[in-house]
Ligand SMILES: Nc1ncnc2c1ncn2[C@@H]1O[C@H](COP(=O)(O)OP(=O)(O)O)[C@@H](O)[C@H]1O
Ligand SMILES: [Mg+2]
């Protein structure tokens with residue numbers, strides 16, 4: 066059984082087919098990138114996989130459970146237990162420090178634990194920024210706090226929607242290096258990106274066009290070792 070499966074998924078707004086018969090299987094531990102022009106349905110697809118939205122038609126199976134049929138309450142539980150989200154806009158709480166932002170995710174999941182939250186920040190190289198507010202952090206540092214927040218509950222799937230969209234090259238490398246680490250540890254990664262360099266490091270690249278998967282490239286050279294920096 067695949068970790069994630071989309072079967073004949075549609076998202077329709079009036080006349081517009083934001084997703085138009087999408088079929089996709091993702092195996093546990095896979096690293097997938099999704100590209101495609103603006104408006105092609107990338108975020109719609111991520112929102113549906115991330116249990117934040119439901120398809121108009123079709124099935125979305127996570128571990129064999131059809132989330133398109135679940136109540137919003139159950140969707141919240143599934144998202145909390147299985148999914149880590151990273152966005153282009155950081156969505157950090159401005160008046161909370163880095164470590165408190167990470168602890169907030171723990172709070173929604175189970176019990177806040179400052180030591181664990183600090184360890185997560187350490188993993189993303191931000192141990193010394195734990196007490197800083199978002200406004201006192203650079204864009205790259207804020208995104209790393211978001212990665213720490215996404216990691217804190219040990220999700221099976223990380224969904225990242227243009228995670229490097231607001232970052233300069235050095236910070237982009239740091240985030241991609243973190244993705245490598247997560248992939249090495251067995252996390253499943255689905256990463257939407259406009260950046261071919263970020264897309265190419267994945268095992269499989271999908272291109273969305275007008276709500277359909279128009280192209281799929283398997284990276285034969287994938288060794289799990291290709292890195293920007295070494
Ligand atoms: N809530 C909504 N109501 C109406 N149209 C929407 C809504 N959300 C997205 N769309 C439309 O669906 C299409 C796909 O959007 P989106 O998934 O955000 O694209 P992408 O992330 O690839 O840029 C776009 O044409 C967008 O305008
Ligand atoms: Mg988008």
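Numbering (my numbering), first residue to last: 66 to 295. Yeah, the Cβ is synthetic: ideal placement off N, Cα and C, and Gly gets one too. Just so you know, these numbers come straight off a predicted model, no measurement behind them.
Residues sharing a beta bridge with residue i, DSSP
i: residue 270; result: 98, 282
i: residue 82; result: 77
i: residue 256; result: 98, 225
i: residue 265; result: Paired residue(s): none; residue 265 is not in a bridge.
i: residue 70; result: 90, 126
Presumed contact (8 Å Cβ cut-off) between residue i and residue j, rounded CB distance
i: residue 148; j: residue 224; result: 6 Å
i: residue 114; j: residue 69; result: 7 Å
i: residue 239; j: residue 194; result: Contact flag wrong, Cβ pair sits at about 13 Å.
i: residue 75; j: residue 141; result: That pair is no contact at about 23 Å.
i: residue 188; j: residue 213; result: 7 Å
i: residue 229; j: residue 283; result: The Cβ separation is near 22 Å, so there is no contact.
i: residue 199; j: residue 139; result: Not confirmed; about 31 Å, so no contact.
i: residue 226; j: residue 124; result: In fact, because the Cβ distance is near 22 Å, the residues do not count as touching under 8 Å.
i: residue 275; j: residue 105; result: 6 Å
i: residue 254; j: residue 243; result: Rounded, the Cβ-Cβ distance is 10 Å, inconsistent with contact.
i: residue 281; j: residue 269; result: 7 Å
### Query
At what residue ranges does the region 87-170 contain a whole run of the alpha helix (DSSP H), taking only runs of 4 or more?
If we require 4 residues or more, the alpha helix (DSSP H) runs fully inside the region 87-170 come out as 107-114, 137-147.
Q) Is it a yes or a no for the region 130-140 touching the region 93-110, going by three-plus beta-carbon pairs under 8 Å? A) no
### Query
Can you list, in chain order, every residue whose CB sits closer than 6 Å to a heavy atom of ligand 1?
78, 81, 83, 101, 103, 104, 105, 106, 107, 108, 109
Checklist entry - Taking one C-beta from the region 210-218 and one from the region 165-183 each time, how about it: are there three or more such pairs within less than 8 Å? => result yes
Report yes or no: do the region 227-238 and the region 195-207 share at least 3 C-beta pairs separated by less than 8 Å?
-> yes
Practice task
Give a yes or no on contact between the region 103-122 and the region 79-91, applying the rule of three or more CB pairs nearer than 8 Å.
Solution key: yes
Checklist line | 3-residue-minimum beta strand (DSSP E) runs that sit fully inside the region 177-245, ordered along the chain | finding: Qualifying beta strand (DSSP E) stretches, in chain order: 222-226.
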